[in-house]
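Here the structure comes first, spelled out in structure tokens, and everything after it is commentary.
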Amino acid sequence: MPLLTSDILVIGGGIAGLSAAAALSRDAHVRVLEAEEQIGFHSSGRSATMLHYALGDRLVRALTLASRPFFDEPPSDFADVPVGREMPVLVYARDDERGELDVLGSELAGFAHLERLDGVAVSQLCPLLKEDARHGLADHRGIRLDPHALLQGFLRQLRGSGGQFHSKSRVAKIEHRATWSVSTEEGDEFQAPIVINAAGAWGDSVARLAGVQPIGLQPKRRTIITFDGPAGTKLEELPFAKTVHDELYFAPESGRLFASPMDEIPADPCDAQPDDYEVALAAFRMEERTTVKVERIHSKWAGLRTFAPDRHPVCGFEGQAEGFFWLVGQGGFGLQTSPAMAEIVSALITKSRWPVADVQPEDLSPDRFHG
Ligand SMILES: Cc1cc2nc3c(=O)[nH]c(=O)nc-3n(C[C@H](O)[C@H](O)[C@H](O)COP(=O)(O)OP(=O)(O)OC[C@H]3O[C@@H](n4cnc5c(N)ncnc54)[C@H](O)[C@@H]3O)c2cc1C
Numbered sequence: 001m002p003l004l005t006s007d008i009l010v011i012g013g014g015i016a017g018l019s020a021a022a023a024l025s026r027d028a029h030v031r032v033l034e035a036e037e038q039i040g041f042h043s044s045g046r047s048a049t050m051l052h053y054a055l056g057d058r059l060v061r062a063l064t065l066a067s068r069p070f071f072d073e074p075p076s077d078f079a080d081v082p083v084g085r086e087m088p089v090l091v092y093a094r095d096d097e098r099g100e101l102d103v104l105g106s107e108l109a110g111f112a113h114l115e116r117l118d119g120v121a122v123s124q125l126c127p128l129l130k131e132d133a134r135h136g137l138a139d140h141r142g143i144r145l146d147p148h149a150l151l152q153g154f155l156r157q158l159r160g161s162g163g164q165f166h167s168k169s170r171v172a173k174i175e176h177r178a179t180w181s182v183s184t185e186e187g188d189e190f191q192a193p194i195v196i197n198a199a200g201a202w203g204d205s206v207a208r209l210a211g212v213q214p215i216g217l218q219p220k221r222r223t224i225i226t227f228d229g230p231a232g233t234k235l236e237e238l239p240f241a242k243t244v245h246d247e248l249y250f251a252p253e254s255g256r257l258f259a260s261p262m263d264e265i266p267a268d269p270c271d272a273q274p275d276d277y278e279v280a281l282a283a284f285r286m287e288e289r290t291t292v293k294v295e296r297i298h299s300k301w302a303g304l305r306t307f308a309p310d311r312h313p314v315c316g317f318e319g320q321a322e323g324f325f326w327l328v329g330q331g332g333f334g335l336q337t338s339p340a341m342a343e344i345v346s347a348l349i350t351k352s353r354w355p356v357a358d359v360q361p362e363d364l365s366p367d368r369f370h371g
């Protein structure tokens, strides 16, 4: 293949890379290089697919709130199917956990309209919980996202603006002379003045290839199982239900239930596979906190949630390598923050108006690690 040039090369075609590429392609010629053949093969296709405000901290919540209008009303040509549907979110607590529920309630107050629930109301919203779930916070406007629709929508936007997506293009070599030269394992060569590192769990590996100091990203494995719900339960009416501690969440999933023990097991970047222990833990916690018997596990999967040391996303130009841009560290909130993050990437690269008033460039800058 001849040398392929563009204004911007994005390494990694998950939700981070694709959403940013779509936004940037309004003003620039963008190419996305994705190692896998299948779109969303890694974290972006393995998530719990929720938008809710119990995830992360103030900064993550601000990015989520800023993303919400996109999910509520995506551009008319974005996708043929809805990118999400509203689903109530219930965070519940036993008597001994009530204090933490109070703290969470005050932290979330600026982001969601919360309803405080007593034991009766908790059980009405989620009849599967045991009676000791006597306290709850409900946000009736959580969103169950459709990651496939989102990925395809961003891809469509990219292509519609003249950009290209190159699958089966694993970047193996990155050099900077007057511009960035990038080669893939398959032997294809690309050049661009700006390279965006959106390689998810591989973010530090891609930085090393470019001779850029890594950030200290830590991928952490999380496991999900699916199983049958109790006969006679209207599963589709259930909320996304989560313990106030990060112990268990569950929700309806295509006529069954899914659950996660909210594990965070440090891992190297890889095609993450569920471990027997976390699979058993998911079933155990489901039976501990609910009246459901997990008779048979229908399916299971694991994915990596990759965190920067301060658990905030990293987005901005690397001070020590001209034209090298970081877009990593989306942890467990990369889907629900992707529209706002994409606009932030676009604002930083095209030097246009900053899009999220409650977040500042220095909150996200790689300079906080590299000084
Ligand atoms: C179990 C689980 C539950 C989650 N629940 C939620 C949730 O409810 N809500 C939410 O918002 N988020 C959730 N997340 C987090 C969300 O999935 C991630 O934050 C998000 O997918 C990260 O997107 P990404 O594009 O950075 O990573 P990825 O989707 O992993 O994309 C990175 C891409 O880079 C590619 N790549 C790597 N190296 C190279 C290379 N050398 N050359 C070319 N390409 C390369 C990879 O193949 C990969 O496709 C969850 C994650 C998991 C695992």
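Under UniProt numbering, the residues of the sequence shown are numbered 1 to 371, in order. Using N, Cα and C, we set each Cβ at its ideal position, and we do this for glycine too. Treat the numbers as computed from the prediction; the structure is a model and nothing was measured.
Taking the Cβ atoms as the reference, residue 279 lies roughly 5 Å from residue 300, within the contact range of under 8 Å. Cα atoms of residue 22 and residue 158: separation of roughly 4 Å, rounded to the nearest angstrom. Pairing residue 25 with residue 325, the inter-Cα distance amounts to about 16 Å.
Beta bridge pairing from DSSP links residue 139 with 89 and 114. The closest CA to that of residue 184, considering only 11, 87 and 47, is found on 11. DSSP places residue 260 in the strand class (E or B) of the three-state scheme.
A distance below 7 Å between beta-carbons, with the five flanking residues on each side excluded, links residue 79 to the following residues of its chain, in chain order: 149, 152 and 153.
The criterion of a C-beta distance shorter than 7 Å is not satisfied by residue 203 and residue 30. The C-beta of residue 295 has fewer than 16 other C-beta atoms within 10 Å across all chains shown, which makes the residue exposed. The residues 10, 325 and 327, in chain order, have a CB closer than 6 Å to that of residue 196 in the same chain once the five nearest residues on each side in sequence are set aside. Linking residue 67 to residue 160 through their CA atoms gives a straight-line distance of about 22 Å. Runs of alpha helix (DSSP H) with 4 or more residues, each lying fully within the stretch 324-354, are found at 338-350, listed in chain order. Residue 326 has its Cβ no nearer than 6 Å to any heavy atom of ligand 1.
Distances between the C-beta of residue 336 and the heavy atoms of ligand 1 include at least one below 6 Å. The alpha-carbon separation between residue 124 and residue 201 amounts to approximately 40 Å. Remark: three or more beta-carbon pairs, one from each stretch, lie closer than 8 Å, so the stretch 333-349 and the stretch 60-74 are flagged as touching. In this structure, residue 36 has its beta carbon less than 6 Å from a heavy atom of ligand 1. In the DSSP assignment, residue 265 is bridged to 221.
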